[in-house]
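Numbering (the working numbering), first residue to last: 752 to 899.
1. Nearest by alpha-carbon distance to residue 850: which of 844, 836, 857 and 866 is it?
2. Tell me which residues share the same chain as residue 862 and place their Cβ nearer than 6 Å to its Cβ, disregarding the 5 neighbours each side in the sequence.
3. Which parts of the region 776-847 are runs of the beta strand (DSSP E), unbroken and 3 residues or longer, counting only runs that do not cross its ends?
4. Tell me the DSSP secondary structure of residue 876 in three-state form.
5. Between which two residues does the beta strand (DSSP E) containing residue 868 stretch?
6. If you check the beta carbons only, do residue 807 and residue 848 fall under 8 Å apart?
7. State buried or exposed for residue 803, treating a residue as buried only when at least 16 other CB atoms are found within 10 Å of its CB.
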C-alpha cells in the first residue's frame, strides 16, 4: 500500500492520504506553467464529476507559486477537486516526479494500480475504475498497470 502522508489542500482542508480509503483516488502531479497539465485539467474536472462516489481527484502542485495565485488559477479553470502543494512526505510516497503531468491511480485499499505520464485518457481511467470495481468482488489488481 501507499505510504500514508499528511496533506492539507490550498483551502486548509485535510486531504491526507489516510482519508483516501474506500474510493479510487487519481493523484495528478502538475504545475501551472505546464501546458499539457493545463490542457488535461478539463478532463480531470470531468472525471471528478462523472465518478463522484467512486473517485476523488487530488492535484499535487509541483510549482513554486503562492497559494493565492493557485486559488485564482483553480477558480479560473473551474477545478472541482482539492489542490495540495507538494511536500517532502508526498514526494517520498510517490517518488520523484520527472515529467509533468504524471498521474497515479490509487485503489480503494490504498495501492497504486496505475501510473500514467503525460495527459490522461479519461475513457481509459473510466474503464479501469469500472473493471477494478467488478474485479474487487472476487479478485484484486496487485500489479501496477500503465495506462495507455
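From the three backbone atoms N, C-alpha and C, an ideal C-beta is built for every residue, glycine too.
Quick answer:
1. Nearest of 844, 836, 857 and 866 to residue 850, Cα basis: 866.
2. If the five residues before and after residue 862 are omitted, its C-beta is found closer than 6 Å to the C-beta atoms of 752, all from its own chain and listed in chain order.
3. Whole beta strand (DSSP E) segments, 3+ residues: 806-812 and 834-836.
4. Here residue 876 sits in helix by DSSP.
5. Per DSSP, residue 868 belongs to the beta strand (DSSP E) from 863-868.
6. No. Outside cutoff.
7. Exposed, because fewer than 16 other Cβ atoms sit within 10 Å of the Cβ of residue 803.
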